[in-house]
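Have a look at the structure below, then the notes.
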Amino acid sequence: MTIAARRGAVRARNHTANAPRYTWPVAMHCCYPHITLRKSMRLTTIASFILLLGACSAQPPRTTAPTAASVSVEVQEIRHPEGETAAWWFRAGAAKAAAHGAMDGRAKNVIIFIGDGMSLTTVAAARIFEGQRLGGPGENHSLAWETFPATGLIRTYNTDMQTPDSAGTMSAIATGAKTRAGVLSIGQSAARGDCVGARAAPLLTLWELASVSDMATGVVTTTGVTHATPGATFSHSAERNWENDAELSEQARAEGCIDIARQLVQTAYVRGFDVLLGGGRQHFFPAAQRDPEYDDQAGAREDGLDLVKQWQHRHPGGVYVWNRTQFEAAPADAPLLGLFEPGHMQYEYDRPNDRAGEPSLAEMTRAAITRLSRNRNGYVLLVEGGRIDHAHHGGNAYRALVDTLALSDAVRVADQTTSAEDTLILITADHSHTLNFVGYPMRGNPILGKVRGGSGEQLSGELATDGIDLPYTTLGYANGPGYTGASNSQPAGPKTYPHTGRDYTPAKGRPDLSDVDTEAPNYMQEAMFPTSSETHGGDDVGIWARGPGSAAVRGSVEQNAIFHLIVQATPRLRERLCAAKLCNPTGVPVELPKPVEFAPAAMSPAAP
Ligand SMILES: [Zn+2]
63 MTIAARRGAV RARNHTANAP RYTWPVAMHC CYPHITLRKS MRLTTIASFI LLLGACSAQP
123 PRTTAPTAAS VSVEVQEIRH PEGETAAWWF RAGAAKAAAH GAMDGRAKNV IIFIGDGMSL
183 TTVAAARIFE GQRLGGPGEN HSLAWETFPA TGLIRTYNTD MQTPDSAGTM SAIATGAKTR
243 AGVLSIGQSA ARGDCVGARA APLLTLWELA SVSDMATGVV TTTGVTHATP GATFSHSAER
303 NWENDAELSE QARAEGCIDI ARQLVQTAYV RGFDVLLGGG RQHFFPAAQR DPEYDDQAGA
363 REDGLDLVKQ WQHRHPGGVY VWNRTQFEAA PADAPLLGLF EPGHMQYEYD RPNDRAGEPS
423 LAEMTRAAIT RLSRNRNGYV LLVEGGRIDH AHHGGNAYRA LVDTLALSDA VRVADQTTSA
483 EDTLILITAD HSHTLNFVGY PMRGNPILGK VRGGSGEQLS GELATDGIDL PYTTLGYANG
543 PGYTGASNSQ PAGPKTYPHT GRDYTPAKGR PDLSDVDTEA PNYMQEAMFP TSSETHGGDD
603 VGIWARGPGS AAVRGSVEQN AIFHLIVQAT PRLRERLCAA KLCNPTGVPV ELPKPVEFAP
663 AAMSPAAP
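Each residue of the sequence shown is one higher than the last, beginning at 63 in our numbering.
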């Protein structure tokens, strides 16, 4: 029987009302000897069985992905959330990764890509968007990571928030322990903004561990490099917004807390990052120093420090660049610090208009890999598509999708320039957003367009209309500045990017989109209710992987387990933790590392 014929048979059987159970014919025994489908099973489930059986019908039967050997780690039962501690999270994450077989990994290098706010809906919409740009219907297209062999789901909540923020989520990925929203790489025992508590609860990060393991380290992002995601790599802060010294409270300063930019440069972990590329220039220069790209802007530091000079002092031969021309001319055999904007870098869509010119995320990724791969002990690199999140907050799906494609380009570069024999590549998101993908658009309908297909599940080819006879778009947001009531800055009706509204007037019904170009880059999707900034979502995000250790990336996993999937799969990292007596008898790092034991000096000696 052909697959098509089987499918027909299954559908026909499924629609036979008086047949309660369905048993596959004996000929289907190659993968599963006996599969009984209940009548209540949905067609999608049946379809996946068909795919499975289709694959197994080839002779000889294909084996599944390599199974990694499971290692058992005991984890104490606790009460949630009262019993949770950083040490408990660390051990629980280690147990999950070990059970998945991460200890089988033999990775030399690790590259972790984060799509900030890249929900599964964003991935699906971006895949279609790119496929349609290439002239196809889009739905069958794949982003760079969607062909990777390993996939799983990540639970993103923070210890104090059902829907998380980027600081708490990246801290979980960076340290192996979940923590609160708003803090960077400190345990949950310290409240947000509590300087004294934070100084007592720092957590060792993956990048710090790599540095003390004689590996090279790098961070690449399109946001400011002191923003939550990159900030969690080499800094420990009670407040993600302490990006420069002027942003610290009097009390925090008096209690000895240090801003994120200064921590990134003065880190006590060997010499810190070898490559750092992104925005956030203002946080590295004194207020008296004029910005080189924008005459009306200056540094933000009140302490007079020039952190770029300090970094160069720590990295003899290290090159600093702030525009595309300098970036392209930088030597490939020297450490590299690139700060391309005073704040965040441009959205990929707006990048061609940048005054001084900026490299793309893919170009920065290539530059980082070129330099880091010179270290024969390997490297750990973070690459963040950081502004997918910002475009979503701004209620503008166009820029969010274009930035997602820029991340896909960067992943493709990494996939092509590294070997799956020695480099583990992971792609995930820190948290979701409220982007919705709705209606019944027909196959190939423009993803940013109005729904053309049907108003119900019947396909008509006409513009679908809502209950008041008005067309609607496939993509929309549950909340945000795309709300169509009048705001303090734009009249009632569809909003145009950029729009940060407040003092909204309730919308009277919905706008008529018949003559509105919803595919225009500045069109803002409708939001169900108004907020000045669209919010994050609390649903799971995806994780994709290839390379040594990737077979352990599967199932439904807490976000902090990502750290353990990486560390356990990278012998150099896990052995460093075992050397500090943090491993159990089977060699799994299970005890929470004390940062002071890895970097006895509190901070690097003062530089110029
Ligand atoms: Zn956000």
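All C-beta atoms in this analysis are idealised placements derived from N, C-alpha and C, irrespective of residue type, glycine included.
The Cβ atoms of aspartate 565 and asparagine 541 lie no closer than 7 Å to each other. In this structure, aspartate 465 has its beta carbon at no less than 6 Å from each heavy atom of ligand 1.
With contacts defined by Cβ atoms closer than 7 Å, glutamate 390 and methionine 407 do not form a contacting pair. Within the same chain, Cβ atoms closer than 8 Å to the Cβ of leucine 521 are found at Tyr502, Met504 and Gly515, the five residues on either side in sequence being excluded. Per DSSP, the unbroken beta strand (DSSP E) holding serine 618 starts and ends at 617–620. In the DSSP assignment, the residues bridged to arginine 217 are Glu620. Here DSSP, grouped into helix, strand and coil, assigns isoleucine 530 to coil. Partner residues in the beta bridge of valine 172, as assigned by DSSP, are Val442 and Leu486. The continuous beta strand (DSSP E) containing alanine 607 extends over residues 603–608.
Within the same chain, Cβ atoms closer than 8 Å to the Cβ of valine 274 are found at Tyr331, Val332, Arg638, Phe660 and Ala661, the five residues on either side in sequence being excluded. A distance criterion of 6 Å places the beta-carbon of aspartate 451 in contact range of ligand 1, judged by its closest non-hydrogen atom.
Apart from sequence neighbours up to five positions away, the residues of its chain that approach methionine 277 with a beta-carbon distance below 7 Å are Asn437, Asn439, Gly440, Tyr441, Val442 and Arg634, ordered along the chain. For threonine 283, the CB contacts under 6 Å within the same chain, skipping 5 residues up- and downstream, are Pro292, Gly340, Glu446 and Gly448 in chain order.
Within the same chain, Pro199 come within 6 Å of glycine 506 by CB-CB distance, once the 5 residues on both sides are set aside. Taking each of Leu423, Leu266 and Leu488 in turn and checking the Cα distance to alanine 236, the smallest one comes out for Leu266.
Within the same chain, and ignoring the five residues on either side of threonine 567 in sequence, the residues whose Cβ sits closer than 6 Å to its Cβ are Gly547 and Ala548. Residue state for glutamate 146 is assigned as coil, using DSSP reduced to three classes.
If you check the CB distance, alanine 589 and tyrosine 539 come in under 7 Å. Taking all protein chains in view, the Cβ of serine 247 is crowded by 16 or more other Cβ atoms within 10 Å, so the residue is classified as buried. The C-alpha of cysteine 645 lies about 14 Å from the C-alpha of tryptophan 150. For proline 292, the uninterrupted alpha helix (DSSP H) run begins and ends at 290–296, by DSSP.
For the pair histidine 598 and histidine 452, the CB atoms are not nearer than the 7 Å cut-off. Residue pairing from DSSP places histidine 495 in a beta bridge opposite His598.
Proline 354 sits exposed, since fewer than 16 C-beta atoms from the chains shown fall within 10 Å of its C-beta. Take glutamate 403, set aside five residues on each side of it, and the residues of its chain with a beta-carbon closer than 6 Å to its own are Gly341, in chain order.
When DSSP states are grouped into helix, strand and coil, leucine 401 belongs to the strand group. Leaving aside the five residues that flank aspartate 602 on each side, the residues in its chain whose CB is nearer than 8 Å to its CB run, in chain order, Leu182, Leu215, Ile216, Arg217, Thr218, Ser494 and Ser618. In the three-state DSSP reduction, lysine 557 falls in the coil class, being neither helix nor strand. For lysine 512, the secondary structure class from DSSP, reduced to helix, strand or coil, is strand. Per DSSP, proline 633 is one residue of the alpha helix (DSSP H) stretching across 633–641.
Note: cysteine 645 is bridge-paired with Pro651 in the DSSP secondary-structure output. Annotation: the continuous beta strand (DSSP E) that includes methionine 590 extends over 589–592. Burial is judged here by how many other beta carbons sit within 10 angstroms of a residue's own beta carbon; isoleucine 140 has fewer than 16 and is exposed. In this structure, the beta-carbon distance from proline 610 to glycine 167 falls below 7 Å. Beta-bridge analysis with DSSP links glycine 244 to no other residue.
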